[in-house]
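K.L.:
At position 177 of the sequence shown the residue is numbered 176 (numbering that gives the first Met the number 0), and the sequence of numbers has no breaks.
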Amino acid sequence: MAKEKSVTAIPQHVAIIMDGNGRWAKKHHLPRLSGHEAGRKSVKRVVQAAIDHGVRYLTLYAFSVENWQRPREEVQGLMGLLRGVIREELSEMSKEGIRLRTIGRRQDLPEAVREELESAIEKTKGHTKLDLILALSYGSRVEITEAMQGMAREVKAGKLDPDQIREETVAEHLYTHGIPDPDLLIRTSGEMRISNFMLWQISYAEIVVTPVLWPDFGEEDFAKALADYAARDRRFGGI
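Printed below as a string of structure tokens:
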């Protein structure tokens, strides 16, 4: 008899590629920024769902290094939206025990946004219920390149023996050092690609792709993804 899969297996770390805001806006005959504003509500729903289900780390792909190539008006709108969300949700994050963190090139962000982020990160650093990690100005190839540069500088300075570089050494130089790798990766809007997101970290993550556009993604969709994860047999290359 086949072994019954546990429906109580909860991933420690869930990462989400939040895709479909633009298509949602087009579908509803609205400007693209309206899609991003609608997606903000989904973020709030999913953060609460993660807490309710006992997920410990939640990483959201909020803005990629490639997104800087979008029209200036859209980028400015996104940055303003991000700053407003952080300011408005800070008290709620403190109330819920949420620690805010970021991965990516924070230095690329506008100064006002960066200051808002850093203030919230400092004020929530002692919270332990959920680590909410925003990937901002993030690209996995850039992350890995910068990790290689950091190790090269240490080798040049005589602080690192190249023959002693292990997988753990590389991981320690990534933006995500100190954060466990994702167990589950969710991508909304049905696109079957990774989009330069956490290429090193998702090596053994379970992947769930849903056709639901991000602004329509809610608690039930999140629960379905968790149920899908719980039903899988994770072998990590073994038998």
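Ideal Cβ placement from N, Cα and C applies to all residues, glycine included. Just so it is clear, the structure is predicted and the values come from calculations on it, not from any experiment.
Please give the ranges of any beta strand (DSSP E) in the stretch 2-40, keeping only runs that are unbroken, at least 3 residues long and fully inside the region.
P.N.:
List check, beta strand (DSSP E) in window: 12-16.
K.L.:
Mind reading off the beta-carbon distance from serine 139 to leucine 198? Whole number of angstroms is fine, and I expect it under 8 Å.
P.N.:
The count along the sequence shown starts at 1 and reaches residue 139 at position 140. The count along the sequence shown starts at 1 and reaches residue 198 at position 199. Right, their Cβ atoms sit about 4 Å apart.
K.L.:
On the three-state DSSP scale, how would you describe threonine 58?
P.N.:
On the sequence shown, residue 58 is found 59 positions in, with the first residue counted as 1. Looking at threonine 58 - three-state DSSP - the assignment turns out to be strand.
K.L.:
Contact defined as beta carbons within less than 8 Å: I believe isoleucine 185 pairs with alanine 224. What is the distance between those atoms, to the nearest angstrom?
P.N.:
Residue mapping note: residue 185 aligns to position 186 of the sequence shown, counting from 1. Residue mapping note: residue 224 aligns to position 225 of the sequence shown, counting from 1. With 8 Å as the limit, isoleucine 185 and alanine 224 qualify as a contact, their Cβ atoms being about 5 Å apart.
K.L.:
Assuming contact is defined by CB atoms lying nearer than 8 Å, are glutamate 205 and aspartate 18 in contact in what I supplied?
P.N.:
Taking the sequence shown and counting its residues from 1, one reaches residue 205 at position 206. Taking the sequence shown and counting its residues from 1, one reaches residue 18 at position 19. Their beta carbons are not under 8 Å apart, which means glutamate 205 does not touch aspartate 18 by this criterion.
K.L.:
Can you give me the Cβ contacts of aspartate 160 inside the same chain, cut-off strictly under 6 Å, excluding the 5 residues immediately before and after it?
P.N.:
Sequence index remark: in the sequence shown, residue 160 carries index 161 (1-based). Result list for aspartate 160: empty, nothing under 6 Å.
K.L.:
If the criterion is Cβ atoms closer than 8 Å, does the pair valine 169 and arginine 104 meet it?
P.N.:
Numbered from its first residue, the sequence shown carries residue 169 at position 170. Numbered from its first residue, the sequence shown carries residue 104 at position 105. Taking 8 Å as the Cβ cut-off, valine 169 and arginine 104 do not qualify as a contacting pair.
K.L.:
Quick check on leucine 108: does DSSP put it in helix, strand or coil?
P.N.:
Here residue 108 is taken as the residue at index 109 of the sequence shown, counted from 1. In this structure, leucine 108 counts as coil in the three-state DSSP scheme.
K.L.:
Could you tell me which uninterrupted beta strand (DSSP E) segments, each at least 3 residues in length, are contained entirely in the stretch 135-202, listed from first to last along the chain?
P.N.:
Listed in chain order, they are 183-186.
K.L.:
Going by beta-carbon coordinates alone, are proline 214 and asparagine 20 separated by less than 8 Å?
P.N.:
Locating residue 214 in the sequence shown gives position 215, where the first residue counts as 1. Locating residue 20 in the sequence shown gives position 21, where the first residue counts as 1. In contact: proline 214 and asparagine 20 (Cβ atoms closer than 8 Å).
K.L.:
Let's test the definition: count the other Cβ atoms within 10 Å of the Cβ of glutamine 200 and tell me whether it reaches 16, buried, or not, exposed.
P.N.:
What you label residue 200 is simply residue 201 of the sequence shown in a count that begins at 1. Glutamine 200 comes out buried.
K.L.:
To the nearest angstrom, how far is the alpha carbon of glutamate 73 from that of glutamate 36?
P.N.:
Within the sequence shown, numbered from 1, the residue matching residue 73 stands at position 74. Within the sequence shown, numbered from 1, the residue matching residue 36 stands at position 37. Using only the alpha carbons, I get a separation of about 12 Å.
K.L.:
Taking C-beta to C-beta, are leucine 57 and isoleucine 132 nearer than 8 Å?
P.N.:
In the sequence shown, the residue the question calls residue 57 occupies position 58. In the sequence shown, the residue the question calls residue 132 occupies position 133. Contact flag set, yes.
K.L.:
Rounded to the nearest angstrom, what separates tryptophan 23 and proline 10 at their Cα positions?
P.N.:
One-based indexing of the sequence shown puts residue 23 at position 24. One-based indexing of the sequence shown puts residue 10 at position 11. Each residue's Cα considered, the two are about 28 Å apart.
K.L.:
Locate the alpha helix (DSSP H) running through valine 208, then write down its first and last residues.
P.N.:
Numbered from 1 along the sequence shown, position 209 holds the residue referred to as residue 208. Element bounds for valine 208: not the alpha helix (DSSP H) but the beta strand (DSSP E), 205-208.
K.L.:
Buried or exposed for alanine 111, going by 16 or more other Cβ atoms inside 10 Å?
P.N.:
Sequence index remark: in the sequence shown, residue 111 carries index 112 (1-based). Its Cβ having fewer than 16 others within 10 Å, alanine 111 is exposed.
K.L.:
My assumption, with CB atoms under 8 Å, is that valine 211 sits in contact with aspartate 220. Please give the rounded CB distance.
P.N.:
Here residue 211 corresponds to residue number 212 of the sequence shown, with the count starting at 1. Here residue 220 corresponds to residue number 221 of the sequence shown, with the count starting at 1. Yes, they are in contact, since the Cβ atoms of valine 211 and aspartate 220 sit about 5 Å apart, within 8 Å.
K.L.:
Should aspartate 232 and histidine 12 be called a contact, given that it needs their Cβ atoms to be closer than 8 Å?
P.N.:
By 1-based counting over the sequence shown, the position of residue 232 is 233. By 1-based counting over the sequence shown, the position of residue 12 is 13. It is not a contact, given that the beta carbons lie outside the stated cut-off.
K.L.:
Could you check whether lysine 128 and isoleucine 85 sit closer than 8 Å to each other, using their CB atoms as the reference points?
P.N.:
Along the sequence shown, read from residue 1 onward, the residue named residue 85 stands at position 86. Along the sequence shown, read from residue 1 onward, the residue named residue 128 stands at position 129. No; because the gap between Cβ atoms is not below 8 Å, this pair is not in contact.
K.L.:
In three-state DSSP terms, what is arginine 98?
P.N.:
Against the sequence shown, residue 98 aligns to sequence position 99. DSSP places arginine 98 in strand when its eight states are reduced to three.
K.L.:
When you compare each of Asn195, Arg82, Phe216 to valine 141 by their alpha carbons, which one comes out closest?
P.N.:
For the purposes of this step, residue 141 is taken as the residue at position 142 of the sequence shown. The shortest C-alpha separation from valine 141 is found at Asn195.
K.L.:
Between the C-alpha atoms of glycine 34 and proline 109, what's the straight-line distance to the nearest angstrom?
P.N.:
Here residue 34 refers to the residue found at position 35 of the sequence shown. Here residue 109 refers to the residue found at position 110 of the sequence shown. Rounded to whole angstroms, glycine 34 to proline 109 spans 22 Å at the Cα level.
K.L.:
According to the Cβ coordinates, are glycine 217 and serine 41 closer than 8 Å?
P.N.:
Stepping through the sequence shown from its first residue, residue 217 is reached at position 218. Stepping through the sequence shown from its first residue, residue 41 is reached at position 42. Result yes, Cβ atoms of glycine 217 and serine 41 sit closer than 8 Å.
K.L.:
From alanine 151 to glycine 157, what distance separates their C-alpha atoms?
P.N.:
Taking the first residue of the sequence shown as position 1, residue 151 is located at position 152. Taking the first residue of the sequence shown as position 1, residue 157 is located at position 158. C-alpha separation (whole angstroms): 10 Å.
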